[in-house]
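One point on numbering: in our numbering, the residue at position 463 of the sequence shown is 465, and numbering is uninterrupted.
Every residue, glycine too, gets a C-beta built ideally from N, C-alpha and C.
Below is one structure, written out as structure tokens; comments come after it.
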Amino acid sequence: MTPASDTALDFIHARATEFFTGALEASSIESAFDRRIRFEGNTLKRLILDGSGPDIVNLSQFKRIFVVAIGKAAGPMLEILLDRMRRRKGLRGICCTKYLPKKRNWRFRYFEGGHPLPNEDSFAAARAALAMLKKAKRDTLVFFLISGGGSAMFDLPLDPQIGLDDTAAFHEALLGCGAPINEINTLRKHFSAVKGGRLAIAAPEALKISFLLPDVPLRTLDALSSGPTSPDHSTVDEVHEIIAKYDLAEKFPSAVRAFFERNDLPESPGNKSWRPPFLSRFQKGAPAPARRFTSAVNLTGEDEAFRDSVFELLLSSHDLVESARVLAQKAGYFVAIDNSCDDWDYADAARYLLDRFHDLRALHRRFCLISGGEVTVTLNRTPGAGGRNQQFALACALELAHHPGEMLTVFSAGSDGIDGNTPNAGAIVDPTTVARAVAFGFDPEQSLRTFNACPLFTALGDTVVTGSTGHNLRDLRLLISDKS
């Protein structure tokens, strides 16, 4: 490569980073909250975007307001809610997140839950939330602030005889099995005392409003943090099918294996014969004389337990992708979006996206292919340091090595700022990555086989490092070419 080529590659590296960080900034939790919700004195209004007008709840109707915030974005979500909501009388809550916020409210108990594996605080937070919710009556309003990562950070086995070590081993087996997140979380829902709707039914009489910041496909929103407040429509039969499909039984600790082999394994709460639309709407009209909201769906059977539940989607991966698209177009790139490889194996996703990229870039001088969602990695050995984004990026680097001299870049990073067992968000590669890695003494193919991409990218200075972003809108992949 010539110095001019190096400069050009540095330029599109910077462009990719700019699109990613800019998309994160544009997908602000605070602005999303304000687009959806407004507090006016003692009144909460949901801002309806279809022109049909706001829906209302009068906070003065409730003697107590409980808040349960869980997940990687629990801190920012809670801070925004408390800043907008002036009501403090009867306010109490639980906040469980990976990094404790610097600004804390004395009315709340804070827990530093484990991720990607649960820890003591994960159990303690779940116990504290269940104890608080048991005090909720008809005069109680409960806000649930739910973001990604809560499956590990906030957990408690349904079987009280199963301890933390076995629970952590259970989660670890799931993470390496290669299953998509909805199948992984189907098992977590049936294992946990606070997943699959069980957190919501701990307060059956209260009005419950869940604000969601999903890191799962929108078609499986009830997989977010394993659905602690939503009716679960997966079944015990599906649990057994998933365990068999990924040969998980032998990978589970004996206590966990015995739990799933029980003949009386409990079903999670939810109507198993009918799958209604997940998101409901606030009830129309003034706050009086109506006591509470009702769902837009006529819930039946076990879903009666969720009749007083309302769900509000704040942001999603689509917002992140759309923000990146706008930035790339403003920078003069022809943009295509392809999210079809969501939940695919990383190698299949790399092959698919690179084939699409090469086909389309031949038609455009400056081109950017954007892909949202997450890929999966099946571990067949103890991994090194890295995560799905660095694994995907390294697979792409091996293919880009066949295009020397071309101005091509692949960027892959997690919006939460964390990739696997590393502090990196992801990595960025180009046609020189493999040659530079070899010059540093690395064997890129071996790094890929051993799931040890992080040392290679760290040595090259090609990791993406953001720190904790307060987001969790899944991953963003950018494939960029520039012929100028």
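- Scanning its chain for C-beta atoms nearer than 7 Å, with the 5 sequence neighbours on each side dropped, one finds around Glu185 the residues Ile244, in chain order.
- With a 10 Å radius around the Cβ and a threshold of 16 neighbouring Cβ atoms, Glu207 comes out exposed.
- Annotation: the continuous alpha helix (DSSP H) that includes Cys456 extends over Ala455 to Leu462.
- A direct Cα-Cα distance of roughly 20 Å separates Leu355 from Ala427.
- In the structure shown, Cys343 falls within a coil segment according to DSSP collapsed to helix, strand and coil.
- The continuous alpha helix (DSSP H) containing Asp350 extends over residues Tyr348 to Arg363.
- Apart from the 5 residues on each side of it in sequence, His192 sits with its Cβ closer than 6 Å to the Cβ of Val241 and Ser270 in its chain, given in chain order.
- Pairing Ile14 with Asn454, the inter-Cα distance amounts to about 26 Å.
- Taking a contact as a CB-CB distance under 8 Å, the pair Ile72 and Ser227 counts as one, their CB atoms being some 6 Å apart.
- Around the Cβ of Lys74, a 10 Å sphere holds 16 or more other Cβ atoms; the residue is buried.
- Put simply, the backbone Cα of Pro159 is about 11 Å away from that of Phe172.
- Rounded to whole angstroms, Arg264 and Arg17 show a C-alpha spacing of 54 Å.
- Rounded to whole angstroms, Asp249 and Thr384 show a C-alpha spacing of 17 Å.
- If you ignore the 5 residues before and after Phe145, its C-beta comes within less than 6 Å of the C-beta of Val69 and Ile211, all in its own chain and listed in chain order.
- Val412 carries a strand assignment under DSSP once its states are collapsed to helix, strand and coil.
- Taking C-beta atoms as the reference points, Leu317 and Ser124 fail to come closer than 7 Å.
- As for any alpha helix (DSSP H) of minimum length 4 sitting wholly inside the region 164 to 218, the runs are 166 to 177 and 183 to 193, ordered along the chain.
- Between Ile482 and Thr411, the C-beta gap is smaller than 7 Å, which places the two residues in contact.
- By the neighbour-count definition (other C-beta atoms within 10 Å, threshold 16), Lys100 is a buried residue.
- Contact between the region 36 to 47 and the region 339 to 354 is absent: fewer than 3 CB-CB pairs across the two stretches fall below 8 Å.
- Shown here, Val312 sits in a strand according to DSSP, grouped into three states.
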